[in-house]
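So our numbering is basically just the index in the sequence shown, starting at one, shifted up by 1116.
The beta-carbon is built from N, C-alpha and C at its ideal position, and this holds for glycine as well.
Note that the structure is predicted; figures quoted are calculated from it, not measured.
Have a look at the structure below, then the notes.
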Amino acid sequence: MSRKRPNFDRVVQPDAKYNDILVAQCVNYIMQDGEKAIAQRIFYRAMDIIAEEMNTKEPLSIFKQAVKNATPLVEVRSKRLGGANYQVPVEVRQQRGTSLALRWILQTARNQQGKPMERKFANELMDAYNKTGAVIKKRENVHKMAEANKAFAHLG
């Protein structure tokens, strides 16, 4: 047994504008090199773009629904057994699913070329909200992998 202390999840403080933990978490994922003010500007401008393009007063609800749509339910983990690696499907905890969804959305936004980051981020969020785009495709691929390796579920 390990003698190390148990891991504790860090508590993220809610952001100032929306007073929401998920927003603060997203801003932290956007942030690079400790530039939190720039990350917040990108997020808030993306929310303004969403509000303008989708004619809504509540861009935060669209953001939350987009993250929910992109969140995977299952994933595969590698398990080594007798010289062979098996892809074992495992249920994803809610916290991990949310962070995976946020990372996927940001990753696909960063891979686009020729537009400002807030525009790319807003486009990815709107695609995820409408259940289209690269993020939803990635989620479906993860689910497909888990379904294909269902036979090894008893190993997990």
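Residues in its own chain within less than 6 Å of residue i by CB, not counting five upstream and five downstream?
{"i": "M1261", "result": "V1192"}
{"i": "A1204", "result": "The sequence given here places Val at residue 1204; Ala does not occur at that position. Counting only Cβ-Cβ distances below 6 Å, and skipping sequence neighbours, we find R1193, K1195, F1268, L1271, G1272."}
Could you spell out where the alpha helix (DSSP H) holding residue i opens and where it closes?
{"i": "K1260", "result": "1249-1264"}
{"i": "Y1160", "result": "1152-1169"}
{"i": "N1144", "result": "1137-1146"}
So, is residue i buried or exposed, given that buried needs 16 or more other C-beta atoms within 10 angstroms?
{"i": "A1269", "result": "exposed"}
{"i": "N1239", "result": "buried"}
May I ask you to report which of helix, strand or coil DSSP gives residue i?
{"i": "K1195", "result": "strand"}
{"i": "E1240", "result": "helix"}
{"i": "A1225", "result": "helix"}
{"i": "E1234", "result": "helix"}
{"i": "A1132", "result": "coil"}
{"i": "V1183", "result": "helix"}
Using C-beta distances below 7 Å, list every residue in its chain close to residue i, excluding the 5 sequence neighbours before and after it, in chain order.
{"i": "W1220", "result": "A1186, V1251, K1254"}
{"i": "R1226", "result": "none"}
{"i": "K1133", "result": "Y1160"}
Considering residue i, what are the terminal residues of the beta strand (DSSP E) in which it resides?
{"i": "A1269", "result": "Taken as a continuous stretch (DSSP letters only), A1269 belongs to no beta strand (DSSP E), as it is neither H nor E."}
{"i": "P1205", "result": "1200-1207"}
Only counting the same chain, and skipping five residues up and downstream in sequence, which positions put a Cβ closer than 8 Å to that of residue i?
{"i": "P1130", "result": "D1136, I1137, V1139, A1140"}
{"i": "K1247", "result": "N1185"}
task = Specify whether the segment 1234-1243 and the segment 1154-1161 touch according to this definition: at least 3 beta carbon pairs, one from each stretch, less than 8 Å apart.
result = Enough Cβ pairs lie closer than 8 Å, so yes.
inquiry  = If contact is defined by three or more beta carbon pairs under 8 Å, each pair taking one atom from either stretch, is the segment 1246-1255 in contact with the segment 1196-1212?
reply    = At 8 Å Cβ cutoff, the stretches do not touch.
ask   = Are there three or more Cβ pairs, one per stretch, closer than 8 Å when the segment 1169-1183 is compared with the segment 1126-1142?
value = Of all C-beta pairs linking the segment 1169-1183 to the segment 1126-1142, three or more are shorter than 8 Å, placing the two stretches in contact.
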